[in-house]
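Engineer:
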Amino acid sequence: MKRSFIVLTTLVLVTVLLSGCNVLPWSRIKVDCTYDTDVFAKGNLPDRLKKGDAVDLFFPFKDGAKGQYNLGSFVIEVKAGDKPVEHLAGEIHDVDHQVIGIFISIPNVGDKPLTVTVQLKK
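Printed below as a string of structure tokens:
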């Protein structure tokens with residue numbers, strides 16, 4: 214009886230200590246970013262995010278595409294499962310006022326796997 218009480222106490226203590234840990238696999242969500250590889254360079258996009266976090270994603274243009282496109286040239290979708298996620302999209306300019314990429318700001322990623330799609334309008 215005394216041993217089972219110690220085991221139960223240990224399990225509760227470990228659970229309480231780990232509940233605030235951000236490294237646990239169940240405290241993060243998967244992020245899938247799909248973009249037009251002919252237009253965008255390979256960016257530094259995350260594959261996992263902390264649940265409920267805010268994130269800014271940057272999609273840089275390839276050298277040949279800089280200045281040729283603007284935000285209106287793309288269809289941008291951010292979804293958690295099949296539900297749309299609130300986001301803000303904008304352009305990144307260089308010192309010559311050329312558009313060098315776009316950014317997507319998501320104030321709350323939620324707790325479901327996230328899909329971000331950026332494609333050229335047809």
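If you use this note's numbering, the sequence shown closes out at 335, no skipped numbers anywhere.
Ideal Cβ positions, reconstructed from N, Cα and C, are used throughout, including at glycine.
Skipping 5 residues on each side, what residues in its chain have a beta carbon closer than 6 Å to that of Gly277?
Structural biologist: Result list for Gly277: empty, nothing under 6 Å.
Engineer: Compute the distance between the beta-carbons of Ile315 and Gly323, then report whether it is under 8 Å.
Structural biologist: no
Engineer: Check this for me: beta carbons of Val244 and Leu262, under 8 Å apart or not?
Structural biologist: It is a contact, given that the beta carbons lie within the stated cut-off.
Engineer: How big is the Cα-Cα spacing for Asn283 and Phe272?
Structural biologist: Each residue's Cα considered, the two are about 12 Å apart.
Engineer: With distances taken from CA atoms, which of Leu270, Pro297, Leu226 is nearest Ser318?
Structural biologist: Leu270
Engineer: Enumerated in chain order, which unbroken segments of the beta strand (DSSP E) with a length of 3 residues or greater are wholly contained in the region 242-289?
Structural biologist: For the region 242-289, whole beta strand (DSSP E) runs of length 3 or above, ordered along the chain, are 261-263, 268-273.
Engineer: Sorted by chain position, which residues of the same chain lie with C-beta nearer than 7 Å to Leu258's C-beta, five sequence neighbours on each side aside?
Structural biologist: Cys246, Leu270
Engineer: With C-beta atoms as the reference, is Ile219 less than 8 Å away from Leu327?
Structural biologist: no
Engineer: Can you list, in chain order, the residues of its chain with a C-beta nearer than 7 Å to that of Lys275? Leave out the 5 residues immediately preceding and following it.
Structural biologist: Within the same chain, Lys275 has close Cβ partners Val252, Phe253, Ala254.
Engineer: In terms of residue numbering, what span does the beta strand (DSSP E) encompassing Val331 cover?
Structural biologist: 327-333
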